[in-house]
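Asks:
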Amino acid sequence: MNRRAFNQKLLLVGGGLLLGSSLVVAKNYLSAEQAMQTIWPGLKMTPFSVELSEAEMKAIKKASKTRVRSQWVKGYRSIDNQWLIIDQVVGKHEFIDLAIGLDAQGAVTGVEILTYRESYGDEVRNPKWQAQFYGKDSSEVLLLDQHIKNISGATMSCRHITDGVNRLTQTWALVLKNLA
Numbered sequence: 007m008n009r010r011a012f013n014q015k016l017l018l019v020g021g022g023l024l025l026g027s028s029l030v031v032a033k034n035y036l037s038a039e040q041a042m043q044t045i046w047p048g049l050k051m052t053p054f055s056v057e058l059s060e061a062e063m064k065a066i067k068k069a070s071k072t073r074v075r076s077q078w079v080k081g082y083r084s085i086d087n088q089w090l091i092i093d094q095v096v097g098k099h100e101f102i103d104l105a106i107g108l109d110a111q112g113a114v115t116g117v118e119i120l121t122y123r124e125s126y127g128d129e130v131r132n133p134k135w136q137a138q139f140y141g142k143d144s145s146e147v148l149l150l151d152q153h154i155k156n157i158s159g160a161t162m163s164c165r166h167i168t169d170g171v172n173r174l175t176q177t178w179a180l181v182l183k184n185l186a
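The opening position of the sequence shown corresponds to residue 7 in the working numbering, with each subsequent residue numbered one higher.
#1: Is Glu118 helix, strand or coil when you go by DSSP?
#2: Taking just the CA atoms, how far does Asp103 sit from Gly97?
#3: Assuming contact is defined by CB atoms lying nearer than 8 Å, are Gly116 and Ser163 in contact in what I supplied?
#4: Rounded to whole angstroms, how far is the Cβ of Val114 from the Cβ of Ile106, which I believe are closer than 8 Å?
#5: Give the C-beta separation of Val79 and Thr177 to the nearest angstrom, bearing in mind that I take them to be a contact with Cβ-Cβ under 8 Å.
#6: Measure the beta-carbon distance from Ala38 to Thr121 and round it to whole angstroms, keeping in mind my assumption that it falls under 8 Å.
#7: Got a sec, what are the start and stop residues for the beta strand (DSSP E) Pro133 sits in?
#8: So Thr72 and Glu118 are in contact, right, with Cβ under 8 Å, and what is the actual spacing, rounded?
#9: Using the C-alpha atoms, what's the distance from Glu129 back to Ala160?
#10: Should Glu60 go down as buried or exposed, given a rule of 16 or more other Cβ atoms within 10 Å for buried?
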């Protein structure tokens, strides 16, 4: 095989590999500590980690209408029961790391995207979109396009963040609020 034929084949194979893969770049926006200061400025919080039982996981799934992927709930808690829960949801294909602030009554006080790994759809970082969750609690399951407005081009991220907020507010109501 001559050099020209080899280079053409190499170019075809290389081009095919590039076309067959999609570029995913993780965008780190905030650390958990920065999210804490954004949602709860100046509030002293301590880390917590709670292992959910199988019964608790089933109860949360039933109440939130969302699958519970992890047995662990992690985040930060203040002495007067303000919460910052760190969680992951799936966007369209990749994980989205987020932080949810809950007050002592379990109402959402803030939503922050920590890391976004999808190649598009990061409009979910828009403060106006995130503000739709403020004041929401476990009293109702939020539905995309009914309670929470969708963002065209970010539908899966919007849906899964909404599901994540539902799951975490129900987790607070069923497990966290009872912690001493």
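Just so you know, even glycine gets a beta-carbon here, dropped at the ideal spot from N, CA and C.
Replies: By the coordinates alone:
#1: The sequence position of residue 118 within the sequence shown is 112, counting from 1. Here Glu118 sits in strand by DSSP.
#2: Translated into the one-based positions of the sequence shown, residue 97 becomes position 91. Translated into the one-based positions of the sequence shown, residue 103 becomes position 97. Their Cα atoms are separated by approximately 10 Å.
#3: Against the sequence shown, residue 116 aligns to sequence position 110. Against the sequence shown, residue 163 aligns to sequence position 157. Not a contact, by the Cβ cut-off of 8 Å.
#4: The residue given as residue 114 occupies position 108 in the sequence shown. The residue given as residue 106 occupies position 100 in the sequence shown. At roughly 6 Å, the Cβ-Cβ gap stays under 8 Å, so Val114 and Ile106 are in contact.
#5: Residue mapping note: residue 79 aligns to position 73 of the sequence shown, counting from 1. Residue mapping note: residue 177 aligns to position 171 of the sequence shown, counting from 1. Correct: roughly 6 Å between the Cβ atoms.
#6: Locating residue 38 in the sequence shown gives position 32, counting from the first residue. Locating residue 121 in the sequence shown gives position 115, counting from the first residue. Not really, about 10 Å apart at Cβ, beyond 8 Å.
#7: As a first step, residue 133 must be located in the sequence shown, where it is residue number 127. Unbroken run through Pro133 is the alpha helix (DSSP H), Pro133 to Gln136; no beta strand (DSSP E).
#8: By 1-based counting over the sequence shown, the position of residue 72 is 66. By 1-based counting over the sequence shown, the position of residue 118 is 112. Actually they are not in contact, since the Cβ atoms of Thr72 and Glu118 sit about 20 Å apart, beyond 8 Å.
#9: Translated into positions along the sequence shown, residue 160 becomes position 154. Translated into positions along the sequence shown, residue 129 becomes position 123. Those two C-alpha atoms are separated by around 7 Å.
#10: The residue given as residue 60 occupies position 54 in the sequence shown. It counts as exposed.
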